[in-house]
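Please read the structure below before turning to the comments.
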Amino acid sequence: MRGAMELEPELLLQEARESVEAAQSYRRELGHRLEGLREARRQIKESASQTRDVLKQHFNDLKGTLGKLLDERLVTLLQEVDTIEQETIKPLDDCQKLIEHGVSTAEDLVREGEIAMLDGVGEENEKLWSFTKKASHIQLDSLPEVPLLVDVPCLSAQLDDSILNIVKDHIFKHGTVASRPPVQIEELIEKPGGIIVRWCKVDDDFTAQDYRLQFRKSTSNHFEDVYVGSETEFIVLHIDPNVDYQFRVCARGDGRQEWSPWSVPQIGHSTLVPHEWTAGFEGYSLSSRRNIALRNDSESSGVLYSRAPTYFCGQTLTFRVETVGQPDRRDSIGVCAEKQDGYDSLQRDQAVCISTNGNSLAISQEVIL
């Protein structure tokens with residue numbers, strides 16, 4: 034009985050410790066969720082602020098462009114008015130000059146005739162004779178033709194008020210605000226020297242024609258296009274190991290020219306260095322980037338290994354033989370658990386390889402694919 038009484042406080046103490054640990058764990062989890070809520074709130078606030086700025090800038094640019102286009106059209110129409118006015122006024126100016134010249138001639142003739150008649154006949158008969166002779170040479174019955182008002186231009190402006198309704202309809206339909214983009218990045222898978230990016234539609238009503246993928250280093254402010262096409266997966270190469278990159282994707286609807294809003298950027302990185310063959314092996318010649326190896330004429334033979342382990346369990350590895358040279362029974366490509374010198378073939382334990390004839394060999398047992 035006494036032993037049980039002594040043990041009970043220890044059990045209570047242990048239970049208390051477990052309760053404290055559970056409470057601490059619970060507090061940590063709640064803290065993580067609070068941080069998640071803060072991130073979600075920050076995303077909503079920042080995206081809303083950015084969207085407001087984009088909308089204001091776009092419509093200000095649109096107003097400026099529309100105003101400029103309207104001003105240019107007004108100038109063009111006013112120039113047309115000036116041209117028509119100048120071209121049609123010129124014949125009237127010429128006719129006016131002719132009439133004014135005729136009026137001046139007639140006034141001079143009237144004045145001379147009145148003077149000649151006042152002097153009467155007799156000694157001044159010579160003046161009447163001279164005036165009459167002069168008047169007979171002037172065509173006093175020839176009048177210039179003045180065009181009728183219906184025959185001269187009457188300028189007017191033809192303005193179709195329906196353009197206001199058309200523009201109004203387009204303006205009312207211009208632009209949309211989406212609570213979330215129609216596509217999102219679904220998965221980031223690290224590869225040696227690269228990252229596979231997979232994305233998917235999240236809006237069932239959106240029909241995508243093309244996708245556009247961009248990426249940047251987390252330290253950069255500029256995204257770069259890396260893929261445009263209809264596929265929903267792309268491997269981004271030349272990725273520096275252990276460096277964070279941001280990825281985002283958007284889509285273009287069927288029959289549309291504009292791109293959708295960008296997806297929420299996702300951060301990914303690769304811990305796997307780019308694939309390189311081990312240099313200094315006499316039996317093979319390597320490319321400048323050491324990612325391509327060709328058998329040379331050297332008599333040396335053996336297994337050419339990659340410079341570092343670049344694959345791990347769970348990854349999918351695809352071998353594709355596009356062409357082969359002079360065949361050799363030892364020719365094969367594959368993977369092994371560790372580098373072992375002294376072997377001239379991968380047909381050994383802890384290795385699997387594919388020969389040039391398509392046979393798969395593992396643990397020295399041949400299996401036909």
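Per my numbering, residue 34 is the first one in the sequence shown, and the count goes up by one each step.
Each residue gets a CB set at the ideal place from its N, CA and C atoms; glycine is no exception.
- Closest in alpha carbon position to Val216, among Phe280, Ser82 and Leu151, is Phe280.
- Look at the beta carbons and you see the stretch 259-270 not touching the stretch 180-197: under three pairs across the two are nearer than 8 Å.
- Considering only Ser365, Gly358 and Lys372, the residue with the shortest C-alpha distance to Ser339 is Lys372.
- Judged by DSSP secondary structure, Ser388 falls within the beta strand (DSSP E) whose first and last residues are Ala384 to Ser388.
- Bridge partners of Phe314 according to DSSP: none are assigned.
- For Val336, the closest alpha carbon among the candidates Gly375, Ala370, Ile300 and Ser321 is that of Gly375.
- In the three-state scheme derived from DSSP, where H, G and I count as helix and E and B as strand, Arg71 is classed as helix.
- Just so you know, the alpha carbons of Asp330 and Gln290 end up roughly 56 Å apart.
- Pairwise C-beta distances place the stretch 220-237 out of contact with the stretch 108-125, as fewer than three of them are shorter than 8 Å.
- Contact annotation: the stretch 159-175 does not touch the stretch 111-124, with fewer than three C-beta pairs closer than 8 Å.
- Distance check between Glu113 and each of Gly146, Ala190, Arg50 and Leu350 places Ala190 closest, using alpha-carbon atoms only.
- One Cα belongs to Leu327, the other to Asp377, and the distance between them is close to 16 Å.
- Where Asp202 is concerned, there is no enclosing beta strand (DSSP E), although the alpha helix (DSSP H) around it starts and stops at Ser195 to Lys206.
- The beta carbon of Leu131 lies closer than 6 Å to those of Pro177 in the same chain, with the five residues before and after it left out.
- For Arg231, the enclosing beta strand (DSSP E) has its first and last residue at Gly227 to Lys234.
- With contacts defined by Cβ atoms closer than 8 Å, Val269 and Phe248 form a contacting pair.
- Beta-bridge analysis with DSSP links Val261 to Arg245.
- Around the Cβ of Thr252, a 10 Å sphere holds fewer than 16 other Cβ atoms; the residue is exposed.
- When DSSP states are grouped into helix, strand and coil, Trp292 belongs to the strand group.
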